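Going down the list, the protein sequences come from chains A and B.
If you want our numbering, it's the 1-based position in the first sequence plus 987.
If you want our numbering, it's the 1-based position in the second sequence plus 987.
Ideal Cβ placement from N, Cα and C applies to all residues, glycine included.
Predicted, not measured: the structure shown is a model, and the values here were computed from it.
Take a look at the structure below.
Number of protein chains: 2
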Amino acid sequence: MPAFSTIATDPRSRARAGLLETAHGAVRTPAFVPLASTASVRGLLPEQVAALGYEIVLGNTFHLFLRPGGELIERLGGLHRFMGWERAIVTDSGGFQVFSMGHGTVADEIKGRRGGGREGAILAIEEQGVRFRSYIDGGERFISPEISMAVQRQLGSDVVLAFDECTPFNVERDYTARSTERTHRWLERCLDWRAQHPDGSLFFGIVQGGVYRDLRTESVEAVLAAGCDGVAIGGSLGREKAQMHEVVDWCATELERRAPQRPRHLLGIGEIDDLIRGVELGIDSFDCAMPTRLARHGVALVPDPAARWRLALDRPAWRERAEPLVAGCPCPACAGGLSRAYLHYLASGGELTAAHLLTLHNLTFVAAVMRELREAIVAGRLAQAATRLRAGGTPAYELR
Amino acid sequence: MPAFSTIATDPRSRARAGLLETAHGAVRTPAFVPLASTASVRGLLPEQVAALGYEIVLGNTFHLFLRPGGELIERLGGLHRFMGWERAIVTDSGGFQVFSMGHGTVADEIKGRRGGGREGAILAIEEQGVRFRSYIDGGERFISPEISMAVQRQLGSDVVLAFDECTPFNVERDYTARSTERTHRWLERCLDWRAQHPDGSLFFGIVQGGVYRDLRTESVEAVLAAGCDGVAIGGSLGREKAQMHEVVDWCATELERRAPQRPRHLLGIGEIDDLIRGVELGIDSFDCAMPTRLARHGVALVPDPAARWRLALDRPAWRERAEPLVAGCPCPACAGGLSRAYLHYLASGGELTAAHLLTLHNLTFVAAVMRELREAIVAGRLAQAATRLRAGGTPAYELR
């Protein structure tokens, strides 16, 4: 039985509503996947994440490999049990994070996040794998496709990602081509390891190829030929949104043509307009630090496309404002009648409560956007929903 | 109708179970009052605090006076509305915090907290009030009994505390005597202001007098003669626990003899053994930063008197331990099956989720201790409950 089934398709785009079946329950798609990189959605209880409607979170192999280690988590019953999360978990392979250390600020630029590279450093990228310095203790460590697979197995991941090299956008075509070929060889090694250690998890290959269309097409072919349960789109997606959307379009076009039944994940992308566009392009799931990281920095998501859906609460403009962040939003801040003035006060003071309230608010916002898009696909009115949301419409919180 | 009524008394101590009626509901006593100094119990949602069974929290006049200011909170509907808390609020008067800045580390020593004095400083203590430098912006500010009353009115406090001078323990008798007399003059000014601005709030005078029995007795007399709804015991309570318990005993003995119907609050004290002893001595309510502050520093409360009921999760000893913090504890960490190993991992990494889980755990623990003590008083078996808890018994979570 295939893991992914399509429930409805949009007649005017590649968008589709589906269901991804995992060992820890089904995930309705299109879905946003909150980050639980270090074994928790930062600041939240597992029950809060579930109550927001999320059916899957993303754990990070790189961080968990370094601390506390896959062996310990396995001995304690796996990542689900370790962090008290009973629903599905997808695990990043560690490729993005380990290469972020080497590619440094360029990788930060791509996805607006720091990876794990604050203190660490790549020592050598070899065919066998990557030697690097741990950002935890400065010790030398090694990661390879086999190690990534073994750690993801120890974690008990429901959706395992291939170990890849993530190239930044400013790398030359020649390097990108050679790196992508190595990523494909590493994909084969991941699959070999999994063939020797079968379990019930799903496996997603990762399409690389930078901003080069032919390389992206070749990468799609290679990933599909290898026989993965699903496909993730990774690596550099370009310097600007337009280029990123184009690269995603290339990949999704090929995927739709060659293997429409395989689920498609877009790695590290989650701005509101990118989610809407990604759904139209045929992406089934997204992960991104954005909603939760912004919350920790005092930024709320609001239906304001001119401000990239962001409202920075430390701005003095909010000091005396009695209105909630978003009228009608069911999060504890908005439904609890808390004012922008209060959130300004908490956020300006660096209060923990600000991070908590804003994380809930932002994940409520993203969940509502994704739900509205999904239900619009089912109802055959995606174009209207997308237009409405792009114009700054408040997501229809009352759905479902 | 008096605000406080006694439900049951312990025949072998001064302990009593009571009910304090406020404009925002009744508070069952003996009660622990979590700190919401800066308009939130740090990291928690109001609904979480209420779900733990707390019926009152403590807001801080000093901090809220400096930022965002009483006027703004009043304009936004008062502190209850500002922070989304529908139950009772007691407000510290600002006396402790402003004098902490002057008395510096000595005041820290008394209560193990920093007050607001990191960057601020007292400029002058005068009969009229105190001039000081704000720790927020370095600007010169002034606070007096009248200003403290006005700000507490703006906040909409249910239980207003008198503006007092809080003397540290190493101050000489002569200074303590003069300071205590000034505190009594300031008490009269607080009451004058309140007489001119009547409302439905309760007012607690503060007993000072340092570690000098006669000064404490005089202070009790002065506070009772002034006609307060309740009495708080403040200031230096001595260098060690034994002396602190003795000072509290002096005060409570006088209060029991002269005005048994008045509720008695013990300021800034909340270690588990102090709560048990305080209840026996006849204290009706306690506030303390301890349970919530410890949580933010990775320390859990556990039934282990030899370790002062503390378990430091960053210790390597917990790295691989599968057991919960406290078996039978209904908090999300323990009832959710989260291991000490997981909490060690989160706390060592400085993760927000550690602060959240441990704050809930610690407040669950303290709530259970207080509930067990209260129900034991009602059932006429306080001595057994106190003995059991002092010996490291797990609080009876299932009560009520």
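{"Check": "Gly1071/A at chain B interface by Cβ criterion, 9 Å", "Outcome": "yes"}
{"Check": "Contacts of Leu1063/A in chain B (Cβ-Cβ under 7 Å)", "Outcome": "Ala1309, Ser1326 and Ala1328"}
{"Check": "For Glu1127/A, three-class secondary structure by DSSP", "Outcome": "strand"}
{"Check": "Rounded C-alpha distance that separates Ala1370/A from Phe1052/B", "Outcome": "51 Å"}
{"Check": "Residue from Glu1114/A, Val1138/A and Val1235/A whose Cα sits closest to the Cα of Arg1203/A", "Outcome": "Val1235/A"}
{"Check": "Contacting positions in the stretch 1011-1032 of chain A - beta carbon closer than 8 Å to chain B", "Outcome": "Thr1025, Ala1026, Ser1027, Val1028, Arg1029, Gly1030, Leu1031 and Leu1032"}
{"Check": "Nearest to Cys1153/A (by Cα), restricted to the options Ala1219/A, Phe1190/A, Glu1243/A and Ala1137/A", "Outcome": "Ala1219/A"}
{"Check": "Beta strand (DSSP E) runs wholly inside the stretch 993-1065 of chain B, at least 3 long, in chain order", "Outcome": "1003-1009, 1012-1016, 1018-1021 and 1043-1047"}
{"Check": "Neighbour flag for Tyr1041/B against chain A, beta carbons, 9 Å", "Outcome": "no"}
{"Check": "Contacts of Gly1217/A in chain B (Cβ-Cβ under 7 Å)", "Outcome": "Simply none; closest approach about 29 Å."}
{"Check": "Partners in chain B for Arg1306/A, counting only beta-carbon separations shorter than 8 Å", "Outcome": "Pro1055 and Leu1059"}
{"Check": "Check: Thr1163/A C-beta below 8 Å from any heavy atom of the ligand NAP", "Outcome": "Absence of the ligand NAP is noted for the structure shown, with no ligands found whatsoever."}
{"Check": "Contact list for the stretch 1340-1356 of chain B against chain D, Cβ threshold 9 Å", "Outcome": "Judged by its chain identifiers, the structure shown contains no chain D, and its protein chains are A and B."}
{"Check": "Terminal residues of the beta strand (DSSP E) in which Arg1308/A lies", "Outcome": "From DSSP, Arg1308/A is part of no beta strand (DSSP E); its letter is neither H nor E."}
{"Check": "Phe1352/B - containing alpha helix (DSSP H), residue span", "Outcome": "Leu1339 to Val1365"}
{"Check": "The stretch 1131-1147 of chain A touching the stretch 1061-1078 of chain A, judged by at least three CB pairs closer than 8 Å", "Outcome": "yes"}
{"Check": "Residues that Val1147/B bridges to, as DSSP identifies them", "Outcome": "Thr1078/B and Phe1190/B"}
{"Check": "Reference Gly1012/B, options Val1286/B, Phe1049/B, Leu1288/B and Ala990/B, closest by Cα", "Outcome": "Ala990/B"}
{"Check": "Length of the line joining the Cα atoms of Glu1034/B and Ala1182/A", "Outcome": "49 Å"}
{"Check": "Closest residue to Arg1068/B among Glu1208/A, Ala1018/A, Arg1327/A and Ala1209/A (Cα-Cα distance)", "Outcome": "Arg1327/A"}
{"Check": "Min CB distance Glu1338/A to chain B below 9 Å", "Outcome": "yes"}
{"Check": "Outcome for Thr1374/A when other beta-carbon atoms lying within 10 angstroms are tallied against a minimum of 16", "Outcome": "exposed"}
{"Check": "Any chain A beta carbon closer than 9 Å to Gly1323/B", "Outcome": "yes"}
{"Check": "Contact list for Arg1068/A against chain B, beta-carbon separation under 8 Å", "Outcome": "Gly1324"}
{"Check": "Contact list for the stretch 1105-1131 of chain B against chain A, Cβ threshold 7 Å", "Outcome": "none"}
{"Check": "Residue ranges of each beta strand (DSSP E) within the stretch 1244-1284 of chain A, 3 or longer", "Outcome": "1251-1253 and 1272-1275"}
{"Check": "N- and C-terminal bounds of the alpha helix (DSSP H) containing Val1218/B", "Outcome": "Taken as a continuous stretch (DSSP letters only), Val1218/B belongs to no alpha helix (DSSP H), being part of the beta strand (DSSP E) at Gly1217 to Ile1220."}
{"Check": "Own chain partners of Glu1127/A with C-beta closer than 8 Å, once the 5 adjacent residues on each side are dropped", "Outcome": "Leu1110, Arg1118, Phe1119, Arg1120 and Ser1121"}
{"Check": "Three CB pairs or more closer than 8 Å across the stretch 1158-1169 of chain A and the stretch 1188-1203 of chain A", "Outcome": "yes"}
{"Check": "Contacting residues, own chain, Cβ-Cβ under 6 Å from His1171/B (five flanking each side not counted)", "Outcome": "Ala1209"}
{"Check": "Proximity below 9 Å, CB of Asp1079/B to CB of Gly1116/B", "Outcome": "no"}
{"Check": "Cβ of Arg1280/A within 9 Å of any chain B Cβ", "Outcome": "no"}
{"Check": "Interfacial residues, the stretch 1151-1180 of chain A to chain B, with Cβ spacing under 8 Å", "Outcome": "none"}
{"Check": "Glu1042/A burial status per 10 Å Cβ neighbour count (16 or more: buried)", "Outcome": "buried"}
{"Check": "Under the three-state DSSP convention, the category Leu1110/A falls into", "Outcome": "strand"}
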